[in-house]
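Down below is the structure, laid out as structure tokens.
Chains as they are written, first to last, in our numbering: chain A, 100 to 285; chain B, 1445 to 1528.
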């Protein structure tokens, strides 16, 4: 006997995924606009964009990197799995200054930053200001999503005192058998 | 003789469409962060949050990483994410 309603329609799933991808791309765009204005008001001129082909090509040219993250593989991985992800490429005057990637918790009220890499070139025009620029963008996207807390996952030990300083206001959390993170409510 | 439970296999579409009954006490309203906001709602939220401080954008905050040898964050090696 024919059943009119089969459980899962693959085409429908693809359509739903592409619609979610478009919706959250637009929401990230709204967060980028807001963060750009905040940064400018603080004296930081930066262009915030999605991590596109131009950003991936520019990152391929970075030398002297501390980490060997394969951004050209990471972005397709995260696009496939996380339409709500946080991603930003920070540019200034045609120079790619940093890439960052994160995602919101499914149910819990936090947005986590998982990867941040600064262009290691000493001539990076936003050297020393990349963290502020990424946090301003992360915070704007958290506000858009209705999240109340930011998390910086797996921070470099040498940078933890800076995140946890009175100026930044994060606190360190060290869960058993998991990577540490710095958290802050917004 | 066939009993009713013998006629239902695990591959029956009806099983795949099973929906749990509502919890006692009625349906809960989803949290704001569980619902995809419209662009207008996103802008409204940002406008409402505009007055909240962003310490990383104060002169003191911006100077915090001025001399940092690195501003990277994350594990040494890339870990592929689990599907959502």
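Backbone N, C-alpha and C fix where the C-beta goes; we use that ideal spot for every residue, glycine too.
Note on the region 134-187 of chain A: whole alpha helix (DSSP H) runs with a minimum of 4 residues are 152-159 and 170-180, in chain order.
For residue 1506 (chain B), the CB contacts under 8 Å within the same chain, skipping 5 residues up- and downstream, are 1500 in chain order. Residue pairing by DSSP puts residue 282 (chain A) in a beta bridge opposite A:250 and A:270.
One alpha carbon belongs to residue 273 (chain A), the other to residue 215 (chain A), and they sit about 20 Å apart. Counting only runs of 4+ residues, the alpha helix (DSSP H) found wholly inside the region 1479-1511 of chain B occupies 1483-1493 and 1503-1507, in chain order.
Between residue 170 (chain A) and residue 198 (chain A), the gap from beta carbon to beta carbon is short of 8 Å.
Not a single C-beta of chain B is nearer than 8 Å to the C-beta of residue 185 (chain A).
By the criterion of a C-beta distance shorter than 7 Å, residue 133 (chain A) is surrounded in its chain by 239, once the five residues flanking it on both sides are discounted. In the structure shown, the three-state DSSP call for residue 1514 (chain B) is coil. Note on geometry: alpha-carbon atoms of residue 168 (chain A) and residue 267 (chain A) lie some 27 Å from one another. Three or more Cβ pairs drawn from the region 1514-1526 of chain B and the region 201-219 of chain A lie within less than 8 Å of each other, which places the two stretches in contact. Note on geometry: alpha-carbon atoms of residue 189 (chain A) and residue 162 (chain A) lie some 17 Å from one another. Residue 1496 (chain B) and residue 235 (chain A) have their C-alpha atoms some 12 Å from each other.
Closer than 7 Å at the C-beta level to chain B, one finds these residues of the region 165-194 of chain A: 165, 166, 168, 169, 173, 176, 177, 180 and 181. In this structure residue 1484 (chain B) is exposed. Its beta-carbon is surrounded by fewer than 16 other beta-carbon atoms within 10 angstroms. In the structure shown, residue 214 (chain A) falls within a strand segment according to DSSP collapsed to helix, strand and coil.
Taking 8 Å as the cut-off, the beta carbon of residue 145 (chain A) is found closer than this to the beta carbon of residue 225 (chain A). In the DSSP annotation of this structure, the continuous segment of the beta strand (DSSP E) that includes residue 199 (chain A) starts and ends at 194-203.
Under the criterion of beta carbons closer than 8 Å, residue 230 (chain A) and residue 1515 (chain B) qualify as touching, at roughly 5 Å. The alpha-carbon of residue 210 (chain A) is positioned some 25 Å away from that of residue 165 (chain A). The residues 235 and 239, in chain order, have a CB closer than 8 Å to that of residue 137 (chain A) in the same chain once the five nearest residues on each side in sequence are set aside. Listed along chain A, the residues sitting closer than 8 Å to residue 1524 (chain B) by beta-carbon distance are 176. Residues of chain A whose Cβ lies closer than 7 Å to the Cβ of residue 1514 (chain B) are, in chain order, 165, 217 and 255. Under DSSP, residue 114 (chain A) shares a beta bridge with no residue.
Exposed is the label assigned to residue 1510 (chain B), since fewer than 16 other Cβ atoms lie within 10 Å of its Cβ. Residues of chain A whose Cβ lies closer than 9 Å to the Cβ of residue 1488 (chain B) do not exist, since the nearest Cβ in that chain is about 10 Å away.
With contacts defined as CB atoms closer than 8 Å, residue 174 (chain A) and residue 155 (chain A) qualify as a contacting pair.
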